[in-house]
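Colleague: Encoded as structure tokens, here's the structure I'll be asking about.
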Amino acid sequence: MQILKKIINIIERNFCEINENLLNFYLSLLSDENHNNSVTVGYTSNVTPLIDKDKNDNTWWKVYSLDEKGRNTLRILEDKSMISKGTTGLRTWEASLRLSEYFIQNPKLCKGKNIIELGAGIGFLSLICAKLGAKSIISTDVNLNVIQRLYTNIESNKPSLIEENLTIPKVKKLDWNEKVLDINAYGDLNLIICADVIYNPENIEPLVNILSQFLKLIPTITIILCNPLRQKSTYDLFLKQLSQHNITIYKELIDKVPIIFCHDEEFSQIQMTIINKKD
Ligand SMILES: C[S@@+](CC[C@H](N)C(=O)[O-])C[C@H]1O[C@@H](n2cnc3c(N)ncnc32)[C@H](O)[C@@H]1O
Numbered sequence: 514m515q516i517l518k519k520i521i522n523i524i525e526r527n528f529c530e531i532n533e534n535l536l537n538f539y540l541s542l543l544s545d546e547n548h549n550n551s552v553t554v555g556y557t558s559n560v561t562p563l564i565d566k567d568k569n570d571n572t573w574w575k576v577y578s579l580d581e582k583g584r585n586t587l588r589i590l591e592d593k594s595m596i597s598k599g600t601t602g603l604r605t606w607e608a609s610l611r612l613s614e615y616f617i618q619n620p621k622l623c624k625g626k627n628i629i630e631l632g633a634g635i636g637f638l639s640l641i642c643a644k645l646g647a648k649s650i651i652s653t654d655v656n657l658n659v660i661q662r663l664y665t666n667i668e669s670n671k672p673s674l675i676e677e678n679l680t681i682p683k684v685k686k687l688d689w690n691e692k693v694l695d696i697n698a699y700g701d702l703n704l705i706i707c708a709d710v711i712y713n714p715e716n717i718e719p720l721v722n723i724l725s726q727f728l729k730l731i732p733t734i735t736i737i738l739c740n741p742l743r744q745k746s747t748y749d750l751f752l753k754q755l756s757q758h759n760i761t762i763y764k765e766l767i768d769k770v771p772i773i774f775c776h777d778e779e780f781s782q783i784q785m786t787i788i789n790k791k792d
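As structure tokens, this is what we get:
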């Protein structure tokens, strides 16, 4: 399985399409391994997230520590497998971890800002923004199982956020296919964040449409999208759609930011695509 993982990583790094059968086979092995509770997680720093294994199902609580003493933590209920219940949204992905680390390194990007996260999954990144002193956060997704888990995770971290006098992210269902945005719900926003949402070619057009709607509503808004360098063709499609909407971008790799959280042993490079970059 480790060899297969290395092969898949090499394919991704070279921007090639992964054969679907190969990927499904890998996911089935991963799922078996996870069900046996024998998954090994490599920790790459002295700040070690604890993992309480729940033997009964496909989920576990991960405790992410934001300081070396483990006093400032986030508790996130995650699926062990990459895809379950037909969605990728029930676990935290690499792009969220890296963008969080980038924000921790550059806290002024979040502090005092009104933020919306699109395709938030189970809320790790939104909760990090809360920890960094965002003024408000709207955490959105489309999938109902994902939204339910998002609530659970926000509720689970609410007591510590209240204790620290920090904002509690609000959960909202937002489908990128929505044709008209409600201006009253979003008028104050400064920042849109999206982690690992550029992966399905079918979703690219709706995603760019919704970004374009936000930009029309709030021309000064900053948008930060963060994604692993996986399928070049999908990212190219994203760029093409942006240019059709006359949206210009700035690209930056997250490669120099120190690693804080637990990552897979070998992870793809993570890229940020920024719209309306402020220095
Ligand atoms: C790969 S997951 C990333 C989750 C999270 N951002 C992270 O990095 O851990 C992609 C997320 O996009 C969401 N998504 C997919 N299509 C969507 C749509 N049309 N509208 C809103 N969210 C969508 C999925 O439900 C899923 O939670």
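When we follow my numbering, the leftmost residue of the sequence shown carries the number 514, and every step to the right adds one.
Positions of the beta carbon are idealized from the N, C-alpha and C atoms, including for glycine.
Treat the numbers as computed from the prediction; the structure is a model and nothing was measured.
Please state whether DSSP places Val-560 in a helix, a strand or coil.
Modeller: Note on Val-560: pLDDT 39, under 50, position unreliable in the model; the coordinate value appears next. Val-560: coil per DSSP, three-state reduction.
Colleague: How is Gln-784 classed by DSSP in three states: helix, strand or coil?
Modeller: The answer is strand: DSSP assigns Gln-784 an E or B state.
Colleague: Among all the DSSP beta bridges, which residues are the ones paired with Val-693?
Modeller: Bridge partners of Val-693: none, in fact.
Colleague: How far does the beta strand (DSSP E) with Pro-741 in it reach, from first residue to last?
Modeller: Unbroken beta strand (DSSP E) run through Pro-741: 735-741.
Colleague: Is the CB-CB distance between Arg-604 and Glu-591 below 7 Å?
Modeller: Yes, they are a contact pair.
Colleague: Can you tell me whether Leu-720 is helix, strand or coil according to DSSP?
Modeller: In this structure, Leu-720 counts as helix in the three-state DSSP scheme.
Colleague: If Ala-608 and Pro-741 are in contact, beta carbons under 8 Å, what's the gap, nearest whole angstrom?
Modeller: Right, the Cβ-Cβ distance comes to about 6 Å (below 8 Å), so this counts as a contact.
Colleague: In the DSSP assignment, the alpha helix (DSSP H) including Tyr-664 goes from what residue to what residue?
Modeller: Counting along the chain, the alpha helix (DSSP H) containing Tyr-664 begins and ends at 657-676.
Colleague: If you measure between the beta carbons of Gly-646 and Lys-624, is that distance less than 7 Å?
Modeller: Yes, they are a contact pair.
Colleague: Would you grab the beta carbon distance between Thr-653 and Glu-630 for me? Rounded to a whole angstrom, and I think it's under 8 Å.
Modeller: Indeed, because the Cβ distance is near 6 Å, the residues count as touching under 8 Å.
Colleague: At a threshold of 6 Å, does Asn-627 count as lining ligand 1 (C-beta to nearest heavy atom)?
Modeller: Incorrect: Asn-627 has no Cβ contact closer than 6 Å to ligand 1.
Colleague: With distances taken Cα to Cα, identify the nearest neighbour of Pro-732 among Asn-759, Thr-747, Ala-708, Asp-749.
Modeller: Comparing Cα-Cα distances from Pro-732 to each of Asn-759, Thr-747, Ala-708, Asp-749, the minimum goes to Asn-759.
Colleague: Please list the segments of the beta strand (DSSP E) lying wholly inside the segment 617-654, counting only runs of 3 or more residues, in order along the chain.
Modeller: With a minimum length of 3 residues, the continuous beta strand (DSSP E) runs that stay inside the segment 617-654 are 627-631, 649-654.
Colleague: Does at least one heavy atom of ligand 1 sit under 6 Å from the Cβ of Thr-733?
Modeller: No, ligand 1 has no heavy atom inside 6 Å of this Cβ.
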